[in-house]
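Residue numbers (the numbering used here), protein chains in the order written: chain A, -5 to 108; chain B, 3 to 114.
Note that CB positions come from ideal geometry on N, CA and C, so glycine has one too.
In structure tokens form, the structure reads like this:
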């Protein structure tokens, strides 16, 4: 089944404890992206990747890191999480390297930072 | 499910009626637009897209209209069904920058 998977689905952590949220797609898509979703703010793009080893900042990259060592994986790293990073996170992928075209979204990761 | 839009604009329609959801986009350089549907507890799901060289595109029960003059996008859903109840987002993509910008969303309630 074609899909985007994220792990974990739920995570509660404490301020400053490094964490990684994994994202994997099995559709051989070029483009991958991370979004955060907060009430009343819609989805805001954190980082995106046009292809392996090519990443760039979205609108809200502060406090996050990403890497794209393999085409299928695009982990989101929070080196020192803070409470303002409590949010619902979505990973997405798209066939086109520009992000144009349908983006397939993962099921989301609910992160709480205390 | 997750609560993703506590303060969203809301549209309430009767089952069988047509729905129109509006979106104002921000970047005049955006040349590709998508409508997504998000049900409770799930990620957004593609509905329909349109390029800036078009002003209308139709899908199954859905139509997207684009007015570049006023930077406005609308999604029309024909014969709205209870399964259409969800939050709807428009998204714009500036292909020059590869970024995707989402609107704040509209919650659609369908009354049976």
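From residue 7/B to residue 46/B, what does the alpha carbon distance come to, in whole angstroms? With a pLDDT of 46 at residue 7/B, under the threshold of 50, the modelled position of this residue cannot be trusted; read the value that follows with caution. Cα to Cα, residue 7/B sits roughly 13 Å from residue 46/B.
Does DSSP classify residue 67/A as helix, strand or coil? Residue state, collapsed to three classes: strand.
Quick check on residue 81/A: buried or exposed, where buried means 16 or more other Cβ atoms within 10 Å of its Cβ? The residue is buried, with at least 16 neighbouring Cβ atoms inside 10 Å.
Give a yes or no on whether the minimum CB-CB distance between residue 68/A and chain B is below 8 Å. Not an interface residue.
Distance check for residue 36/A and residue 64/B, CA to CA, integer angstroms please. Pairing residue 64/B with residue 36/A, the inter-Cα distance amounts to about 22 Å.
Residue 79/B and residue 86/B look like a contact to me (Cβ under 8 Å); what is the Cβ gap, rounded to whole Å? The C-beta distance from residue 79/B to residue 86/B rounds to 6 Å, short enough to fall under 8 Å.
Determine the closest residue to residue 91/B out of 59/B, 48/B, 57/B, 19/B, with distance taken between C-alpha atoms. Measuring from the Cα of residue 91/B, the nearest candidate turns out to be 48/B.
Skipping 5 residues on each side, what residues in its chain have a beta carbon closer than 6 Å to that of residue 99/A? Cβ neighbours of residue 99/A within its own chain (closer than 6 Å, five residues either side excluded): 84, 86.
Report the neighbours of residue 27/A on chain B: residues whose CB is nearer than 8 Å to its CB, in chain order. Against residue 27/A, the close residues of chain B are 102, in the order they occur along the chain (beta-carbon pairs closer than 8 Å).
List the endpoints of the continuous beta strand (DSSP E) containing residue 39/B. Counting along the chain, the beta strand (DSSP E) containing residue 39/B begins and ends at 34 to 40.
Can you tell me whether residue 6/A is buried or exposed, with buried defined as 16 or more other CB within 10 angstroms of its CB? Exposed is the call here.
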